[in-house]
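K.L.:
Quick one: the structure is below, questions incoming.
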Amino acid sequence: MNNIRYIVTIEHSTGKILGAVFPNISPEPEGVDEAQNRRILYVTDSNLPLDCEDIGYFVEEHYFNPTTLQFVHIGKPINDYATWNFSTSSWDWDASGVLDDIRKVRQNMLFRSDWTQLTDNSLTAEQRSEAATYRTALRNITDNLGNPATIEDVAWPTPPSFLR
Amino acid sequence: MSFGVEVKGVDASGQFTIANTDLNLSHFVVTAIGYGTSAPKVGSNSKIFINSKNLPGRTIIVNEGSNSYGFQQVTVTHNPDFSTFTAVTITTAPISLYYFVIAEAKSIPVPTGSAGDYGLQIFKSDGSVAFDSRRLQTNVSFYIKEFYTLNGSSGSIVTTDLNAYVEPVGTAAFGESRSGLIWNSFGVTYVSNFWSLNVSENAGAGAVAGSVGGGSGTIPPTLIAQTR
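Structure representation (structure tokens):
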């Protein structure tokens, strides 16, 4: 029998690897739990993908194909909300999660520029107006946004020079 | 030595004693090592060490439950229509980390049933067990490689070793004060204390001016460890 390298917990419906531990004295038995939520699998040299000596790399960049019962290298998820779809060979993700992240970044950008709209700062009226335009663009950032995968995919407005 | 096991070795300097077991096995042993959004606890007086080198830039907290540790990343957001200093909210989401857990060997229960039928016991002169191999959970050991001393200011660099595991001291359950860790490309940095889910800006504590920092809480001494 091959030595166990990792004891892996897999989301049964998607094949996503939820976590892995090195062998211990009393490992959970292999198999799918009664609720069909997760599968425990022992990974040995015979089914460990290549170059997976790093347990984090193995968990983060691989999925378990429930059809072939093999681990497959997929790469890093496109965002924190992504799940690999074996039918389409592409990532699916929760768009509302990405949208929440975009809003959080937007709120912080607005917060950092709040001071520009106070009357007792050193900005000229023209600069204050420029900042107001920038802030309006930020507030409207979620209009016609499409389905961005990451925050970096968003066309953020360029802040005025005094805000950079 | 009247009881226990003594192992002797020889090198160029002559004979030396490697170890003896005439004392109870009361040291810490590694009970779990892995990668994921949570880690199991076995035994008492356990401690966890974490590493998030492959997901840098996240603020991390560790919540300790009775049977496990849970790992979460923290996002600090300012409320756009704030009118008071209670202007900040914190949201959390699970995050995967490298981890290992240690516990006092004598607190780890001996496996029951057939799993407990194998092992090595060494007795003391009074008949008590000095060593029981069934309390060893893994074949991994650890050592303390650095010690971060009290600095007292947020943003302090805890270690520049990206491969080190850091003791997440100061973390606590939701609703209590807690601190976080940030892994970046230079190492591990502490951030300030957070105060419950709705952060109240309190003399510089909490989130300030759009970034996490300026904490007034003190950062306890921190162990930095490595496995082998």
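Protein chains in written order, with the working numbering: chain A, 1 to 164; chain B, 1 to 228. We put the CB at the ideal spot given by N, CA and C, even for glycine.
#1: Does the region 52-59 of chain B come close enough to the region 40-48 of chain A that 3 or more CB-CB pairs lie under 8 Å?
#2: Starting from A:Q70 and walking both ways along the beta strand (DSSP E), at which residues does that stretch end?
#3: Whole angstroms is fine: what's the gap from A:E152's alpha carbon to A:D51's?
#4: Could you name the residues of the same chain whose beta carbon sits closer than 8 Å to that of A:Y31, not counting the 5 residues immediately before and after it, in chain order?
#5: What in chain A is Cβ-close to B:Y35, meaning under 7 Å?
#6: Does any CB atom of chain A fall closer than 8 Å to the CB of B:N98?
#7: Counting only C-beta atoms, is A:A24 closer than 8 Å to chain B at any point?
#8: Between B:G70 and A:D120, what straight-line distance do the alpha-carbon atoms span, to the nearest angstrom?
#9: Since A:D92 sits in a beta bridge, which residues does DSSP pair it with?
#10: Just to make sure I have the definition right: I need the residues of chain A whose C-beta is within less than 8 Å of the C-beta of B:L136. Which are they?
#11: Flag A:I151 as yes if its beta-carbon sits less than 8 Å from any beta-carbon of chain B, otherwise no.
#12: Does the beta carbon of B:A164 come closer than 8 Å to any beta carbon on chain A?
#13: Closer than 8 Å is the cut-off here; do at least three beta carbon pairs connect the region 30-43 of chain B with the region 100-112 of chain B?
#14: Helix, strand or coil for B:G217? Go by DSSP, reduced to three states.
#15: Output the boundary residues of the alpha helix (DSSP H) element that contains A:V59.
#16: Can you name the residues of chain A whose CB is closer than 8 Å to the CB of B:N54?
#17: Should A:W84 go down as buried or exposed, given a rule of 16 or more other Cβ atoms within 10 Å for buried?
#18: For A:K16, would you say it is in contact with chain B, using Cβ-to-Cβ distances shorter than 8 Å as the test?
#19: Got a sec: is the Cβ-Cβ distance from A:D94 to anything in chain B below 8 Å?
#20: Hey, quick one: how far does the alpha helix (DSSP H) through A:S129 stretch, first residue to last?
#21: Are the C-beta of B:A225 and some C-beta of chain C separated by less than 8 Å?
#22: Can you tell me which of the three DSSP states A:R164 falls into?
#23: Spatial neighbours of A:N37 within its chain, please: C-beta separation below 7 Å, excluding the five flanking residues on both sides.
P.N.:
Answer, in terms of the structure:
#1: Between the region 40-48 of chain A and the region 52-59 of chain B, the count of C-beta pairs closer than 8 Å stays below three; the two stretches do not touch.
#2: Locating residue 70 of chain A in the first sequence gives position 70, counting from the first residue. Note, A:Q70: beta strand (DSSP E), 70-73.
#3: Residue 152 of chain A sits at position 152 when you count from the first residue of the first sequence. Residue 51 of chain A sits at position 51 when you count from the first residue of the first sequence. If you take the alpha carbons of A:E152 and A:D51, they lie about 30 Å apart.
#4: Here residue 31 of chain A refers to the residue found at position 31 when the first sequence is read from its first residue. In the sequence as displayed, the identity of residue 31 of chain A is Gly instead of Tyr. Counting only Cβ-Cβ distances below 8 Å, and skipping sequence neighbours, we find R39, I40.
#5: For the purposes of this step, residue 35 of chain B is taken as residue 35 along the second sequence, with counting starting at 1. Against chain A, the beta carbon of B:Y35 has neighbours under 7 Å at G19, A20, I55, G56, V59, listed in chain order.
#6: Residue numbering aside, residue 98 of chain B sits at position 98 when the second sequence is read from its first letter. Residue identity check: residue 98 of chain B is Tyr in the sequence provided, not Asn. Cβ-Cβ to chain A under 8 Å: yes for B:Y98.
#7: As a position in the first sequence, residue 24 of chain A is number 24, starting the count at 1. It should be noted that the sequence gives Asn, not Ala, for residue 24 of chain A. For A:N24, the closest Cβ of chain B is nearer than 8 Å.
#8: Within the second sequence, residue 70 of chain B is the residue found at index 70, counting from 1. Within the first sequence, residue 120 of chain A is the residue found at index 120, counting from 1. Each residue's Cα considered, the two are about 47 Å apart.
#9: Against the first sequence, residue 92 of chain A aligns to sequence position 92. As DSSP reads the structure, A:D92 sits in a beta bridge with A:T83.
#10: Looking up residue 136 of chain B in the second sequence gives position 136. Going along chain A in sequence order, the residues near B:L136 (Cβ under 8 Å) are I25.
#11: As a position in the first sequence, residue 151 of chain A is number 151, starting the count at 1. It does not; no Cβ of chain B falls within 8 Å.
#12: Stepping through the second sequence from its first residue, residue 164 of chain B is reached at position 164. Taking Cβ atoms only, chain A never reaches closer than 8 Å to B:A164, which makes this a no.
#13: The region 30-43 of chain B, when compared against the region 100-112 of chain B, does touch it at the 8 Å Cβ threshold.
#14: Walking along the second sequence from the start, residue 217 of chain B turns up at place 217. The pLDDT assigned to B:G217 is 45, lower than 50, so where the model puts this residue is not dependable; a value taken from the coordinates is nonetheless given after this. It is coil, neither helix nor strand.
#15: For the purposes of this step, residue 59 of chain A is taken as the residue at position 59 of the first sequence. Under the DSSP assignment, A:V59 falls in the alpha helix (DSSP H) whose first and last residues are 55-61.
#16: Locating residue 54 of chain B in the second sequence gives position 54, where the first residue counts as 1. Near B:N54 (Cβ distances below 8 Å), the residues of chain A are G56, Y57, E60.
#17: Position 84 of the first sequence holds residue 84 of chain A. With 16 or more other Cβ atoms from the protein chains shown falling within 10 Å of its own Cβ, A:W84 counts as buried.
#18: For the purposes of this step, residue 16 of chain A is taken as residue 16 along the first sequence, with counting starting at 1. Judged by the 8 Å Cβ criterion, A:K16 is not in contact with chain B.
#19: Here residue 94 of chain A is taken as the residue at index 94 of the first sequence, counted from 1. Output row for A:D94: interface = no.
#20: For the purposes of this step, residue 129 of chain A is taken as residue 129 along the first sequence, with counting starting at 1. Residues 125-139.
#21: Considering every chain present, this structure includes no chain C. Its protein chains are A and B.
#22: Within the first sequence, numbered from 1, the residue matching residue 164 of chain A stands at position 164. Coil at A:R164, not helix or strand.
#23: Position 37 of the first sequence, counted from the start, is the residue given in the question as residue 37 of chain A. Excluding its 5 nearest sequence neighbours in each direction, A:N37 has C-beta neighbours in its own chain below 7 Å: H12, listed in chain order.
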